[in-house]
Amino acid sequence: MANFISEDDIEQALLQRLQHLAGWNTLNCFTAQADDLNDGSGRADKREVILADHLRAAIARLNPQVPPAAQEQAVATLLQPRMAMSLVKANREVDGLVRDGVVVEFEATQGPEAGKTVTERVRVIDFEQPAPGRTESGRNEYLAVAQLWVRGEKGYRRPDVLLYVNGLPLVFVELKNSNVKLKAAYDDNLTNYKAEIPQLFAANVLCLLSNGIETRVGSLTAEWEHFFAWLRVDDGKEVIDRAQLADSALSLERAVLGLLAPARLLDYVENFVVFHRETNKVVAQNHQFIGVNNAFEVFTRRQTVGGKLGVFWHTQGSGKSFSMVFYTRKVCRKLSGNFSFVVVTDRDDLDGQIYRNFLHTGTVAPRDEVRPRDSAQLRDMLGKNKRVVFTLIQKFRYDKGKDYPLLSDRDDIIVIVDEAHRTQYAGLAENMRAGLPNANYLAFTGTPLLGKDQKTNAWFGDYVSEYNFQQSVEDGATVPLFYEKRVPGVLIQNDNLNQEFVEILEDENLDDAAQQKLEQRFAQEIEVIKRDDRLELIADDIVFHFPRRGYLGKGMVIAVDKFTAITMYDKVQAKWKQEIKSLLGCIAATPNEIERVRLKRILDWMRKVEMAVVVSAENGEEEKFAARGLDIKPQRKRMDALDRNGHDIEHNFNLFSSVEPPSIGAN
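The opening position of the sequence shown corresponds to residue 1 in the working numbering, with each subsequent residue numbered one higher.
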């Protein structure tokens with residue numbers, strides 16, 4: 001274990017390391033008296049957090065074609081107080097100004113526009129030439145400011161380090177002694193600072209917390225559980241020796257090298273920050289930043305790889321759909337061309353999930369028609385150069401024996417195929433490639449490609465990024481997975497279950513005709529799986545086991561079909577209520593106080609649990625379920641409902657941590 005390291009020592013090491021990155025200058029603004037204006041920052045008021053003189057000089061350097069008066073308009077826009085806004089709204093507004101520039105109007109004095117009012121965007125940061133300096137080859141200024149007193153409503157606060165680019169405080173850094181739990185930096189400092197000096201975070205891109213041994217990064221809206229480590233610099237597959245890092249207190253060093261070098265930081269600011277539903281700020285994690293940049297690099301040389309953009313393997317739960325968003329946005333922003341992205345999935349629920357993430361991050365607009373009904377409408381959308389289109393692989397079905405028609409011969413179409421190893425290698429994939437012969441193809445998958453799935457590499461190329469389950473667990477992004485064989489008495493009934501049937505079940509790409517054919521061929525096996533006595537035993541086990549396992553978190557029940565999912569929900573709900581009544585009786589009857597406390601804890605937790613069914617929608621579903629004595633209407637209403645924050649059931653299920661009331665989903 002590392003020896004004790006003081007907060008001051010960590011701060012000095014951070015500032016020195018930044019200086020060694022060739023670009024960062026440092027400024028210590030500490031004054032013995034908090035209200036002393038003579039701190040070197042040039043501020044006229046300690047409530048100010050933007051260094052106006054530095055901002056003004058940067059805007060003049062970056063926009064020599066704009067008259068000084070118009071430059072001052074841009075400065076005034078950025079300095080405008082936003083205290084009346086919510087913090088996230090103010091941050092979103094400044095984020096747009098920093099990334100896209102500040103719109104100003106002025107009267108042109110030269111050229112063909114002389115005498116006319118012209119509109120121009122004033123650049124705040126030079127993203128094209130991120131190198132530091134004050135010359136034509138490097139026009140951004142990077143300044144690490146330590147111990148800056150900031151006046152708030154309740155007095156003064158002094159953040160440890162703020163990283164400024166062109167006078168804007170983009171990175172908040174809070175440090176702790178190495179013997180202090182890092183969560184204290186979040187609870188005792190960051191949380192209070194956001195409440196007491198919110199103006200500090202209007203321009204904030206990310207927050208970095210460290211005690212030397214542990215370092216985490218997150219957005220200003222992130223809960224502590226969603227702050228993440230940043231340990232890999234260039235190689236997403238790098239094996240990290242966490243014990244050695246902790247012993248040598250190098251976690252902060254890794255974050256500085258991987259994220260805070262000037263070019264990396266500006267890439268992050270420009271391409272790896274989005275706002276979800278305008279209420280949550282989402283910033284890329286370490287594996288997403290490396291993976292998307294790897295995939296982007298391959299895209300820049302797409303002609304040399306024959307349109308095979310590679311395989312992006314990031315384990316389930318690692319934010320693949322947000323990686324797609326980051327990738328799409330970076331390609332469109334950094335490269336010239338009228339690119340169209342076709343996002344292909346094989347399930348309605350996945351299609352909807354990915355579409356919603358694109359929609360809620362503003363990557364597509366609510367009014368945009370981007371989900372074609374059929375291949376004819378898909379052809380029409382691609383002809384109109386739609387920026388993003390979402391479609392199911394099933395829409396590439398065509399009459400057997402007939403050549404699939406050409407949808408588009410454009411070579412600037414990027415096809416992003418989700419879970420590419422599952423269904424894309426039969427006739428549907430061949431149809432897709434026949435319809436889009438000159439497109440570029442990128443595969444996303446949450447599982448490694450093994451055995452027959454290696455064909456994925458032949459279709460898409462080599463891996464461009466790998467982030468496996470073990471890495472995710474080690475990074476704290478995924479809860480460890482433990483397998484426990486449950487309900488042995490029931491499993492014995494399935495000893496003769498046909499292996500081929502199991503493989504078909506895993507396919508998941510079944511239309512009504514295929515489902516009917518499957519049921520006919522494996523009628524006996526399906527009946528065994530769906531036998532009522534078997535479902536009763538499983539429901540009993542869920543109700544008893546789930547509240548008594550060590551980890552009181554969320555869970556999911558996967559059913560063989562939609563009807564069984566509803567049936568299992570009804571059974572578990574009924575037995576759950578019975579168990580609550582039984583616990584009440586046991587609590588009243590037991591003379592053992594310790595046992596009473598234990599049972600009461602289980603009871604209290606069971607009363608908080610929420611359950612819901614999640615199944616994909618289809619036409620005529622109410623009649624289909626009613627024919628089997630089931631009612632899907634209340635379940636569908638729950639699936640489509642939004643909470644008071646505008647979040648759907650999927651968002652809340654993903655959001656809940658182990659300390660929140662969990663949900664049980666069935667699919």
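Yeah, the Cβ is synthetic: ideal placement off N, Cα and C, and Gly gets one too.
Beta-carbon gap between residue i and residue j smaller than 8 Å
i, j, result
"THR215", "ALA255", "yes"
"VAL668", "ALA222", "The structure shown does not extend to residue 668, since the chain is modelled only from 1 to 667, so the question has no answer here."
"GLU174", "LEU163", "no"
"GLN285", "GLY319", "yes"
"LEU148", "PRO130", "no"
"ASN438", "ASP409", "yes"
"THR31", "ASN25", "no"
"GLU474", "GLY446", "no"
"HIS54", "GLU141", "yes"
"VAL205", "VAL233", "no"
"PHE312", "THR328", "no"
"ASP346", "ILE414", "no"
"ARG121", "ARG61", "no"
"ILE416", "VAL343", "yes"
"ILE602", "ARG548", "yes"
"ARG92", "GLU278", "yes"
"ARG302", "ASN440", "yes"
"LYS633", "GLU618", "no"
Of the listed residues the options, nearest to residue i (C-alpha basis)
i, options, result
"ASP561", "VAL615, VAL311, ASN468, LYS581", "VAL615"
"LYS237", "ASN204, PHE563, PHE339, HIS287", "HIS287"
"VAL49", "VAL150, ALA195, PHE396", "VAL150"
"THR117", "PHE106, ILE125, VAL124, ARG123", "PHE106"
"ASP46", "GLY23, ILE125, ARG121, ARG157", "Asp is not the amino acid found at residue 46; the sequence shown has Lys there. When each option's Cα is compared against that of LYS46, the closest is ARG157."
"ARG99", "VAL165, LYS181, ILE602", "VAL165"
"LEU51", "ALA144, ASP351, VAL389", "ALA144"
"SER248", "ASN28, GLN353, GLU623, ILE10", "ILE10"
"LYS176", "LEU252, ASP95, ALA243, LYS554", "LEU252"
"SER41", "ALA70, PRO169, ASP95, VAL217", "PRO169"
"ALA365", "ARG373, TYR355, ASP374", "TYR355"
"VAL609", "VAL572, ALA588, ALA246", "VAL572"
"ALA84", "VAL124, PRO198, THR300, GLY155", "PRO198"
"LYS400", "ASP380, GLU430, GLU466, LEU200", "GLU430"
"PHE396", "GLY383, ARG367, LEU436", "LEU436"
"ARG638", "LEU442, ASN652, GLY629", "ASN652"
"GLN110", "GLN19, VAL292, LEU209, PRO67", "PRO67"
"SER336", "THR300, ASP540, GLN65", "THR300"
"LEU209", "LYS154, LEU265, GLU128, GLU7", "GLU7"
"ILE125", "ARG43, GLU270, THR119, LEU260", "GLU270"
Beta-carbon contacts of residue i that lie in its chain and below 7 Å, excluding the five residues immediately before and after
i, result
"ASP631", "PHE625"
"GLN493", "Interpretation of GLN493 is limited by its pLDDT of 48, a score under 50 that renders its predicted location unreliable; the figure taken from the coordinates is listed afterwards. Around GLN493: VAL528, ARG534."
"PHE289", "TYR268, PHE272"
Nonlocal neighbours in the same chain, by C-beta distance under 6 Å from residue i, ignoring five residues either side
i, result
"ARG82", "ALA90, ALA202"
"ALA434", "TYR404"
"ASN113", "The sequence as given places Glu at residue 113; Asn does not occur at that position. Here the set comprises nothing."
"GLU650", "none"
"LEU599", "LEU583, CYS586, ILE587"
"ASP348", "SER616"
"ALA74", "ILE59, VAL102, VAL104, VAL122"
"ALA13", "none"
"LEU442", "LEU309, ILE416"
"LYS575", "ALA539, VAL543"
is_contact[residue i, chain B] using C-beta, thresh 8 Å
i, result
"VAL331", "Protein chain content of the structure displayed is limited to a single chain, and chain B is not contained in it."
Supposed close pair residue i, residue j - CB separation, criterion 8 Å
i, j, result
"PHE358", "VAL325", "6 Å"
"VAL298", "GLY310", "5 Å"
"ALA146", "ASN28", "5 Å"
"LYS391", "LEU378", "According to the sequence as given, residue 391 is Thr; it is not Lys. Indeed, because the Cβ distance is near 6 Å, the residues count as touching under 8 Å."
"ALA58", "VAL104", "With 8 Å as the limit, ALA58 and VAL104 do not qualify as a contact, their Cβ atoms being about 15 Å apart."
"VAL671", "PRO372", "Outside the displayed span of the chain (1 to 667) sits residue 671, for which this structure offers no information."
"LEU250", "ASN211", "At roughly 13 Å, the Cβ-Cβ gap does not stay under 8 Å, so LEU250 and ASN211 are not in contact."
"LEU79", "LEU97", "Wrong, their Cβ atoms sit about 11 Å apart, outside the cutoff."
"LEU407", "LEU382", "6 Å"
Sequence-distant residues of the same chain with beta carbon closer than 8 Å to residue i, five excluded per side
i, result
"VAL282", "SER219, VAL273, VAL274, PHE275, HIS276, PHE322, THR361"
"VAL635", "Note that residue 635 corresponds to Gln in the displayed sequence, not to Val. Counting only Cβ-Cβ distances below 8 Å, and skipping sequence neighbours, we find ILE566, TYR569, ALA612, VAL613, VAL615."
"PHE228", "ARG216, VAL217, GLY218, GLN285, ASN286, ASP475, GLY476, ALA477"
Contained alpha helix (DSSP H) runs [length at least 4] in the segment 368 to 412, N- to C-terminal order | If we require 4 residues or more, the alpha helix (DSSP H) runs fully inside the segment 368 to 412 come out as 375 to 383.
Mind pulling the beta strand (DSSP E) runs of 3 or more residues that sit fully within the segment 22 to 64?
-> Those beta strand (DSSP E) runs which fall completely within the segment 22 to 64 and span 3+ residues are 24 to 28.
Which runs of the beta strand (DSSP E), 3 residues or longer, sit entirely within the segment 531 to 568?
-> Whole beta strand (DSSP E) segments, 3+ residues: 555 to 557.
Whole beta strand (DSSP E) elements within the segment 294 to 378, 3-residue minimum = Qualifying beta strand (DSSP E) stretches, in chain order: 308 to 314, 340 to 345.
Residue ranges of each beta strand (DSSP E) run of no fewer than 3 residues wholly in the segment 109 to 193, ordered along the chain?
-> Within the segment 109 to 193, the beta strand (DSSP E) runs of at least 3 residues that lie entirely inside it are, in chain order, 117 to 122, 142 to 146, 150 to 152, 155 to 157, 161 to 165, 168 to 175.
Ignoring anything shorter than 3 residues or poking outside the segment 608 to 639, list the beta strand (DSSP E) runs there in chain order.
-> Contiguous beta strand (DSSP E) elements confined to the segment 608 to 639 occur at 610 to 613, taking only those with 3 or more residues.
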